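Heads up: the sequence shown begins at -14 in this note's numbering, then just goes up one per residue. Glycine included, every Cβ here is placed at the ideal spot set by N, Cα and C. Treat the numbers as computed from the prediction; the structure is a model and nothing was measured. Only one structure is covered here, and it is reproduced in the block below.
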Amino acid sequence: MTAAQTGPVATIGVPLAHGLQAYFNYVNAQGGVNGRQIKLIVEDDQYTPANTVAAVKKLVESDHIFALVRPLGTAQTAAVLDYTQEKGVPVVGIASGSSLWSTPFKKTVFGIQPTYALEGKLMAQYALDTLKARNIAVFYQDDAFGKEGANAFMEALQARGVTPVAVVPYTPGETDFSSHALKLQEAKPDLVFVYAIVVPASSLLKEAEKNGFKPKWLMTYVLADPILPALAGSAAEGVLAGAWLVDPLRAKEAQGYRDALKQSFPDEVPGGYSLSSWAVGEVIVEALKRAGRNPTRQSFIAALESLQNFTTGLTPPFSYGDSDHQGIKQLAIVEQHGGNWTPVSSFFGEAGEIAAAPTAAPSATPIVAPTGAPAEIKIGIVAFLSGAAAAPFGIPSRNAAEILIEQLNAGRAPAPYNIPGIGTAKIVPVFIDEAGGADKQVAEYRRLVTDEKVDLVIGYISSADCLAVAPVVEELKTLTVFFDCGTNQIFEEAEHTYLFRTSAHQIIDSVGAARYVLAQKPDLSSISGINQNYAWGQDSWNAFSQSVPQLHPGTLIGTVQFPRLLAGEYSAELSALLAARSDVIHSSFWGGDLESLLIQGTPRGLGQDSLLVLTTGDTALPRLGKDVPPGLVIGGRGPHGAFAPDNDLNRWFKKVYSDRFSVRPVYPSYHMAQAILGVKAAYEKAIAANGHQWPTVEQVIAAFTGLEFDTPSGIIKMALGNGHQAVEPSAYGLTGEFNPATGEVDIVQVQVFQAACVNPPAGVKSSDWIAGGFQGAKCP
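Listed below in structure tokens is the structure:
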């Protein structure tokens, strides 16, 4: 192996060498390969091609190496390729994405990471389609490495009619990047694409931060390592980068790597560079195993070429062949916060998805695609990705969609969802930010259908957005699933053909809360409320305040507080609530308002003399942790989050979600799961009914209508709205003591009210059902 072990590039070369040595140490401790130990010899070339030539000649002629593995650098490795090919020495897992390794084809040379040209193309696609950037600047290293990635990126932009507003190169060895930062800032880009190595990139970020220059940063996968935030500090917050590996710090697939690295190099911090070499080591060892007990260079090359859809879970699957040695052809996007890189996309590029350890047994029966099945099914997915509703609702929803789609496409979901994709068609999401108001969402919906040509849409958290989009769904005749919005008006005030909702409406929250507080306080005499002053808060309070007196005649209404949405300061409202001394205080607050209410109210005794009901409280439990006081009534808009049942699908969903995002899913995540699984169930039911032929939209609608399907929250029944609206149980419980094992307070005295108890009968409006004393309700 040749890699800089001293000098400025040692920040890359040292962890590359340590990752490979740690893996070989691990394998050797297990007995080696076919009874042989692996010896790694590392030569320090100081990232200088002349030194690389001398080092490789020493390795070949004096050390008699079997193969050159994980050499670092484009110019460095290019300088020795003629020599290694002449000597027949395999070169495997080059720490460079240059297209030189694959074009023209070289029998003894094997890349692994995506080429810089491919990365440039995929990054342009992500910048334009996902980030919606248009004013784009480029900063790159002016050599073979930087030019290949930057040129491919700019060519892909120009193919879409976009010209960079600034192109700023730097020369390797430069140390002052103040002028580069100013040139970029003067161009006023909304996004800067960076193709550089870590020291120049971190220096540029710090200069930009010093100048108050805050564009969106999109960077090469070379920079997706903890070293970047370690050098750049706060200037690296929110940076996006490519990645062809799982998260080295948190992914469960990388636990063996972390353990072995610590054993071999106790002071080495896990990171992308060392993990990438570990992954290369896995490829080398697998090929050595296949090459037999007495491997030759020729049998080793043949064994490498036999690797098809290979992965140990650290990378997306990839293949070599007798005429293709490129390696991985996919990328994911990761985002840096607090020193950690967190995935914000699935792998995309050429075919395949990231392969983690299987969570469900593979089907023993070969899966045959339906006749006429498309290769892909394109789904628009709309949720708040910015603004106040993003953190509690939108991001958990997007995260659920991302991990579910990834798992479904790979065929790793438990039965009955173990057929890959939707009826074998790969699910391709198009994520849209719901921020901006109802008019904007109507325009975005039209764009999804007419321009993006999606096959269906799953979306909407805001009831106002749902009400605005609903008539357009029927106008454009596009299958659409509302996954989270709570208004009961959608199917009670109109009939729909193309529209479905796979979660219950808000009536279950209010009726379930009323029944729960009466079980806790059967002799209550008065109720008060604090709810946000817009449709959600008003409707929630109205339904609750009407339900309690119906169930417990004579209940008095104390004080009713309607502060403005996102007010954030509630001293006057708290004073009124505490003065009223009602038995119960109801709140449908969410997000920052909910957290502010608890933070401000708890020291003043809120919830001590009155039973405080938080109908959406599940989303706050992981965020507030031990700051949630005991004795609060908490809901999760159904049997979701902390209230989800212990079934196979929920155990699987919680595991894959928490393994990826290091937090449990909250109720909006479950709502998204219900929508995606409902769509999959409807399509596959329609396929079966259509003689294993791909169905029309009308056939999918027929299958969806009245459907019952399994989810992590239990069986969902499309029982209202002529079979287009789901019914669910309602669940509530009390907060208990803080549990250090979960990082949350425990939920105790949980009570689940079945769907027939908290949903109106088919054909009956919610307001009439409540006013009529809940006729037809089936409760214990």
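Backbone secondary structure at residue i - three-state DSSP
i: Ser612; result: It is worth fixing the name first, because residue 612 is Asp in this sequence and not Ser. Residue state, collapsed to three classes: helix.
i: Ala629; result: coil
i: His537; result: coil
i: Glu713; result: coil
i: Trp229; result: coil
i: Tyr8; result: helix
i: Thr300; result: coil
i: Ala342; result: Interpretation of Ala342 is limited by its pLDDT of 29, a score under 50 that renders its predicted location unreliable; no figure is taken from the coordinates.
i: Phe332; result: coil
i: Ile(-3); result: helix
i: Asn635; result: helix
i: Arg21; result: strand
i: Thr544; result: strand
i: Asn724; result: strand
i: Asp695; result: strand
i: Met309; result: Met is not the amino acid found at residue 309; the sequence shown has Asp there. Correct three-state label for Asp309: strand.
i: Ala400; result: coil
i: Gly408; result: coil
i: Ala704; result: strand
i: Gln315; result: strand
i: Asp175; result: coil
i: Cys764; result: coil
Opening and closing residue of the alpha helix (DSSP H) in which residue i lies
i: Tyr155; result: Here Tyr155 belongs to no alpha helix (DSSP H); instead the beta strand (DSSP E) covers 151 to 155.
i: Asn772; result: No answer is possible for residue 772: it lies beyond the span of the chain, which begins at -14 and ends at 765.
i: Phe574; result: Per DSSP, Phe574 belongs to no alpha helix (DSSP H) and is neither H nor E.
i: Phe124; result: Note, Phe124: premise wrong, no alpha helix (DSSP H); beta strand (DSSP E) at 121 to 126.
i: Leu562; result: 556 to 565
i: His165; result: 163 to 171
i: Met(-14); result: Neither: Met(-14) is in no alpha helix (DSSP H) and is coded neither H nor E.
i: Leu591; result: Unbroken run through Leu591: none, as it is neither H nor E.
i: Gly257; result: 257 to 275
i: Leu599; result: Leu599 -> not in any alpha helix (DSSP H); beta strand (DSSP E) instead, spanning 596 to 599.
Any non-hydrogen atom of the ligand GDP closer than 7 Å to residue i Cβ
i: Ile388; result: This structure simply doesn't include the ligand GDP, nor any ligand for that matter.
Delimiting residues of the beta strand (DSSP E) encompassing residue i
i: Met139; result: Where Met139 is concerned, there is no enclosing beta strand (DSSP E), although the alpha helix (DSSP H) it sits in stretches over 129 to 144.
i: Glu478; result: No beta strand (DSSP E) contains Glu478, which DSSP labels as neither H nor E.
i: Lys247; result: No beta strand (DSSP E) contains Lys247, which is instead part of the alpha helix (DSSP H) from 240 to 249.
i: Gln736; result: 729 to 738
i: Gly197; result: Per DSSP, Gly197 belongs to no beta strand (DSSP E) and is neither H nor E.
i: Thr327; result: 325 to 328
i: Asp753; result: Run containing Asp753: none in the beta strand (DSSP E); it sits in the alpha helix (DSSP H), 751 to 756.
i: Ala368; result: 361 to 368
i: Ile182; result: Element bounds for Ile182: n/a, residue is neither H nor E.
i: Val434; result: That residue, Val434, is in no beta strand (DSSP E); its alpha helix (DSSP H) goes 423 to 435.
i: Ile619; result: 618 to 620
Inter-residue CB distance, residue i and residue j (contact presumed, cutoff 8 Å)
i: Val38; j: Val65; result: 6 Å
i: Leu299; j: Lys665; result: Rounded, the Cβ-Cβ distance is 28 Å, inconsistent with contact.
i: Ala2; j: Ser249; result: The Cβ separation is near 11 Å, so there is no contact.
i: Gly134; j: Gly105; result: 5 Å
i: Thr604; j: Ser573; result: Rounded, the Cβ-Cβ distance is 12 Å, inconsistent with contact.
i: Gln426; j: Gly758; result: At roughly 38 Å, the Cβ-Cβ gap does not stay under 8 Å, so Gln426 and Gly758 are not in contact.
i: Gly365; j: Val458; result: Wrong, their Cβ atoms sit about 12 Å apart, outside the cutoff.
i: Gln517; j: Pro548; result: 7 Å
Short CB-CB distance (under 8 Å) between residue i and chain D
i: Ala666; result: Within the model displayed, chain D is absent; a lone protein chain is all it includes.
Assess, as a yes-or-no matter, whether the segment 261 to 271 is touched by the segment 74 to 82 under the definition of 3 or more beta carbon pairs within less than 8 Å.
The segment 74 to 82, when compared against the segment 261 to 271, does touch it at the 8 Å Cβ threshold.
The segment 489 to 498 contacting the segment 463 to 477, beta-carbon criterion three pairs below 8 Å
At 8 Å Cβ cutoff, the stretches touch.
When the Cβ atoms of the segment 473 to 486 are set against those of the segment 631 to 646, are three or more pairs found closer than 8 Å?
No: the two stretches stay apart, fewer than three of their Cβ pairs being nearer than 8 Å.
Is the number of C-beta pairs between the segment 124 to 131 and the segment 153 to 165 that are closer than 8 Å three or more?
yes
Within the chosen definition, does the segment 682 to 689 reach the segment 616 to 625 through at least 3 CB pairs nearer than 8 Å?
no
Taking only runs of the alpha helix (DSSP H) that begin and end inside the segment 649 to 689, which ones reach a length of at least 4 residues, in chain order?
652 to 674, 682 to 689
For the segment 507 to 518 against the segment 715 to 726, do three or more pairs of beta-carbon atoms, one drawn from each stretch, fall closer than 8 Å, so that the two count as touching?
They do not touch, by the three-pair rule.
In the segment 445 to 530, which residue ranges form an unbroken beta strand (DSSP E) of at least 3 residues, counting only runs that do not cross its ends?
465 to 467, 484 to 486, 511 to 515
Under 8 Å, with one C-beta from each stretch per pair, do the segment 216 to 236 and the segment 313 to 328 reach the 3-pair mark?
yes
When you compare the segment 181 to 192 with the segment 215 to 225, are there three or more beta-carbon pairs, one atom per stretch, that lie closer than 8 Å?
yes
Under 8 Å, with one C-beta from each stretch per pair, do the segment 694 to 705 and the segment 623 to 636 reach the 3-pair mark?
yes
Would you call the segment 300 to 310 and the segment 85 to 101 in contact, with 3 or more CB pairs under 8 Å?
yes
With three or more beta-carbon pairs closer than 8 Å as the criterion, would you say the segment 649 to 667 touches the segment 740 to 748?
Judged by pairs of C-beta atoms under 8 Å, the segment 649 to 667 does not touch the segment 740 to 748, as fewer than three such pairs exist.
For a minimum of 4 consecutive residues, which ranges assigned as the alpha helix (DSSP H) are wholly contained in the segment 31 to 109?
34 to 46, 59 to 63, 66 to 72
Can at least three beta-carbon pairs, one atom from the segment 175 to 184 and one from the segment 100 to 118, be found at a separation below 8 Å?
yes
Do the segment 521 to 533 and the segment 498 to 507 touch if we need at least three Cβ pairs shorter than 8 Å?
yes
Mind the definition here: the segment 442 to 458 touches the segment 388 to 408 only if three or more C-beta pairs lie below 8 Å; say whether that holds.
no
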